[in-house]
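Asker: Take this structure, written in structure tokens, and hold onto it; I'll ask about it next.
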Amino acid sequence: MIPAGASDPLPTLDRLAEVAIAVFDEHLNSAECCAICGTGCGTGWPCEQVVLADHNLAVL
Ligand SMILES: [Zn+2]
Numbered sequence: 103m104i105p106a107g108a109s110d111p112l113p114t115l116d117r118l119a120e121v122a123i124a125v126f127d128e129h130l131n132s133a134e135c136c137a138i139c140g141t142g143c144g145t146g147w148p149c150e151q152v153v154l155a156d157h158n159l160a161v162l
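According to my numbering, the sequence shown is numbered sequentially starting from 103.
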């Protein structure tokens, strides 16, 4: 027997989307630098976190 809801993948996917959207909201492009990471300067935004979040959304 599988507990109700325990094997349902939808909550996990919803959570993944929430996290990805939160990353987009926080890791903003600030003069070609990430406002959170402070990285990307010189090489350009997006930072690694935004790239990962983008990949996460791409597989949903
Ligand atoms: Zn960042």
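All C-beta atoms in this analysis are idealised placements derived from N, C-alpha and C, irrespective of residue type, glycine included.
Just to confirm, is the Cβ distance from His129 to Val161 under 9 Å?
Answerer: Working through the sequence shown from its first residue, we reach residue 129 at position 27. Working through the sequence shown from its first residue, we reach residue 161 at position 59. Cβ atoms of His129 and Val161: not closer than 9 Å.
Asker: How far does the alpha helix (DSSP H) with His129 in it reach, from first residue to last?
Answerer: Stepping through the sequence shown from its first residue, residue 129 is reached at position 27. Premise fails: His129 is in no alpha helix (DSSP H) and is neither H nor E.
Asker: Leu154 to Ile123, Cα distance in whole Å?
Answerer: As a first step, residue 154 is located in the sequence shown; it is residue number 52 there, counting from the start. As a first step, residue 123 is located in the sequence shown; it is residue number 21 there, counting from the start. So the alpha carbons of these two residues sit roughly 11 Å apart.
Asker: Can you pull the DSSP bridge partners for Cys135?
Answerer: As a position in the sequence shown, residue 135 is number 33, starting the count at 1. Per DSSP, Ser132.
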